[in-house]
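> Structure in structure tokens, see below.
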Amino acid sequence: MSIDWQAFRLTIELAVVVSLILLVAGLPLAYWIAFSRWRWKFFVEALVALPVVLPPTVLGFYLLVALGLRSPLGRWWQSLTGHTLAFTFAGLVIGSILYSLPFAVQPFTASFASVDRKLLAASATLGASPLRTFFRVVIPLSAPGLVTGIALAFAHTMGEFGVVLMIGGNIPGVTRTVSIAIYDQVQASNYAGANAMALLLLIFCFAVLALVYGLNRGALSQKLWTLGSVK
Amino acid sequence: MTPPAESNSANAILTARIRKSFTGAEREFSLDVELSAAPGFTILFGPSGSGKTTLLDSVAGLATPDAGRIAVGERVLFDANTAINRPVAKRAVGYVLQDLALFPHLTVQQNVEYGLVHLPRAERRQRAQAMLQEFRIDHLDQQRPAKISGGERQRVALARSLVTDPCVLLLDEPLAALDVATKSKIIDDLRRWNQVHRIPILYVTHSREEVMALGERVLVIEQGRIVAQGTPHQVLRAPLQETVAQLAGFENIFDAAVYLIHEDRGTMTCRLQGNKPECSVLLETPLIRAELGSRLRVGIRAGDILLAIAKPVGLSARNVIAGKLVSLERRDMMISARVDCGVEMEVHLTLAARDALQLEPGCEVWLVIKTHSCHQMQK
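Protein chains in written order, with the working numbering: chain A, 1 to 231; chain L, 1001 to 1379.
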């Protein structure tokens, strides 16, 4: 059978790394968007949403330029590691983070914004610092939104194609993801192989999303509440 | 019972001078008040939108005044002149918000322990338990707020604030939704707690019944200003401001001018401005410090007016006014009659009185009003 398991492993690795980084980096960004009163905040919101509407090739193209040797970032990375960021796993991670950013940050922001402000006020009058309020009140109460955001970012990274093609190329074990492998099979007129991998990816992504939406129907949020109430 | 923490010296007085303006989309509003509250209850009474919540928010630190100073005893919470503005979390001001804001994902016990994070776990537990017992909710400690009754939630919110030993307690209409019996039990428990801790409690309400029931010093706030203060009896019986008067149940409020002053009898005569320029009614009222011709308002409760179908004689009441019955309207078990006697007055009667007197619109009637049923107010 012509399923490229290496590509699958690589794709899942990529999706896990990207989701974890988005969880860590997306929370403060989402918090800022939800609570800041800065008047030009909408520029940042628009910027975060951009990957939703932009063709992946556009994002990929500019990333390729930014990561290449003509940009300061590319040269800095080159001087540090001896090779360029483009066509590496690290480059793929950077591209995927930007590409999946709105899918994590927007659900985060929406769930933060829906936390009753009175609870934040009450927390402050009880002597809690903003950080403690964040971890003890905001996070537990927005758990379903956080889970949704991470799941969407994960699934979205699993299925990305254009950005990977532009900045990753097609190096087995380094940058060849499932979607690239499928594309390869089709190019080689190996429809049976393409079908096997496409079906597998479809089932996997569906399973992840179904799991998340199923758990979010109460059971998981209850559980996270309990977790949140443990000090 | 745990003694108050040393930092929050008992018997400290809350003093606040607050100025704050808003320029909203639909209206401008400015709060400009100066008040002090000794340990015990101080009631803040006024209609919605009068600035009560902004005042509380300023004391708690959730709103920043444009100018002024807020202190509890020697402890300055805010001072515009010296740029002191303690953060909310460092003020030690207990604040029970109108909708209580209990943490829905925490149990009752965890809610009460929330403000004690600086203490070791065992002490936290023990203090929370003591407070839960004091407010008679220790049996609910493992419940979540959604599973308990409104009165119980109220007790949890109080316990959660008080367990942190605040130096002031702010209550923003916390009991508005509760029935009288539940309410008074909670107030009793709060009073008992405060006999030991002796902190100022600012209690906000727009309910006249609540003011009367609490029976403590009341500050009347209206459009961002404190317009009256004293005991509920003083403030609500002899109102100075018209909104207070309406709140205090004056169905009849008239523009009037001082017409005659009878120093010797301790009364004066006021001329009520009628609906038409040529109509006016003279009314004998208690003497207040006012000059001839000065303008004021007179309020009369509809239930304080007697109605007769023949001109009564031999009465002590000084005001007997002829008029014509305009309408009779049944309200529940009572009749509201409107009588035109130059000015239109509302009179409340029983159903039996209407039937016994065979009252109908158009009847000639006499109204009898005692001098001391006429309440003057500033205009």
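Quick reminder that beta carbons are idealized off the backbone N, C-alpha and C, glycines included. As the structure is a prediction and not an experimental result, all values here were calculated from the model.
Please compile the residues from chain L whose C-beta is within a distance smaller than 7 angstroms of the C-beta of A/LEU119.
ALA1101, PHE1103
> Report buried or exposed for L/THR1231, applying the criterion of at least 16 other Cβ atoms within 10 angstroms of its Cβ.
exposed
> Identify the continuous beta strand (DSSP E) that holds L/LEU1219 and give its terminal residues.
1217-1222 is the span of the beta strand (DSSP E), which, as asked, contains L/LEU1219.
> Would you check if the stretch 109-120 of chain A and the stretch 132-145 of chain A touch, i.e. whether three or more CB-CB distances between them fall below 8 angstroms?
Yes, the stretch 132-145 of chain A is in contact with the stretch 109-120 of chain A.
> Got a sec? Which residues, its chain only, sit under 6 angstroms from A/THR226 by beta carbon, not counting five neighbours each side?
Low confidence applies here, because A/THR226 scores a pLDDT of 49, under 50, leaving its location unreliable; read the following figure in that light. Listed in chain order, the non-local C-beta contacts of A/THR226 below 6 angstroms within the same chain number zero, local neighbours out to five positions each way being set aside.
> Assuming L/ALA1101 contacts L/ILE1137 (C-beta within less than 8 angstroms), just tell me the rounded distance between them.
Rounded, the Cβ-Cβ distance is 17 angstroms, inconsistent with contact.
> Are the beta-carbon atoms of L/LEU1175 and L/ALA1037 separated by less than 8 angstroms?
no
> What's the gap between the Cα of L/GLY1068 and the Cα of A/LEU126?
24 angstroms
> From the DSSP output, in three-state form, read off A/THR125 for me.
helix
> Secondary structure at L/ARG1297, three-state DSSP: helix, strand or coil?
strand
> Return the first residue and the last residue of the beta strand (DSSP E) that L/ARG1075 is part of.
That run of the beta strand (DSSP E) goes 1075-1079.
> May I ask you to report which of helix, strand or coil DSSP gives L/GLY1314?
coil
> Cutting at 6 angstroms between CB atoms, please list the residues of its own chain near L/VAL1076, excluding the five before and the five after it.
ILE1084
> For A/VAL137, which residues in chain L fall below 7 angstroms Cβ to Cβ?
PHE1103
> Could you pull out every residue in the same chain whose Cβ sits closer than 6 angstroms to the Cβ of L/SER1030, ignoring the five residues on either side in sequence?
SER1021, GLY1224
> Report the option in A/LEU73, A/ILE94, A/SER36 whose CA atom is closest to the CA atom of A/LEU20.
A/ILE94
> Please list the partners that L/ARG1160 has in chain A, where partner means a Cβ-to-Cβ separation under 9 angstroms.
ALA122, LEU126
> Strictly under 8 angstroms for the Cβ-Cβ distance: is A/SER19 near chain L by that measure?
no
> Under three-state DSSP, which class holds L/ARG1225?
It is a strand residue.
> Given A/ALA198, which residues of its chain have a CB within under 8 angstroms of its CB, disregarding the five upstream and five downstream residues?
ILE182
> Closer than 8 angstroms, CB to CB, is A/SER129 near chain L or not?
For A/SER129, the answer is yes, since a Cβ of chain L falls inside 8 angstroms of its Cβ.
> Count the CB pairs spanning the stretch 64-81 of chain A and the stretch 169-188 of chain A that are closer than 8 angstroms, and state whether there are at least three.
no
> From the DSSP output, in three-state form, read off L/LYS1020 for me.
strand
> Once the 5 residues before and after A/LEU209 are set aside, which same chain residues still bring their CB inside 7 angstroms of it?
ALA151, ALA155
> Rounded to the nearest angstrom, what separates L/GLY1362 and L/LEU1325 at their Cα positions?
5 angstroms
> Verify the CB distance criterion: does A/ARG39 have a CB-CB separation below 8 angstroms to chain L?
no
> Please confirm whether L/ILE1175 has its beta-carbon closer than 8 angstroms to some beta-carbon of chain A.
According to the sequence as given, residue 1175 of chain L is Leu; it is not Ile. It does not; no Cβ of chain A falls within 8 angstroms.
> If we cut at 8 angstroms on Cβ distances, does A/ALA132 have a partner in chain L?
In the sequence as displayed, the identity of residue 132 of chain A is Arg instead of Ala. Yes, contact with chain L.
> Assuming L/VAL1220 and L/VAL1227 form a contact by the criterion Cβ under 8 angstroms, report the distance between their Cβ atoms to the nearest whole angstrom.
5 angstroms
> Taking DSSP's pairing of strands, which residues face L/GLN1376 in a bridge?
Per DSSP, L/VAL1298.
> Run down chain L in chain order and give the residues with a C-beta less than 8 angstroms from the C-beta of A/ASP116.
ALA1101
> Taking L/PRO1200 as part of the beta strand (DSSP E), name the residues at either end of that continuous run.
1200-1205
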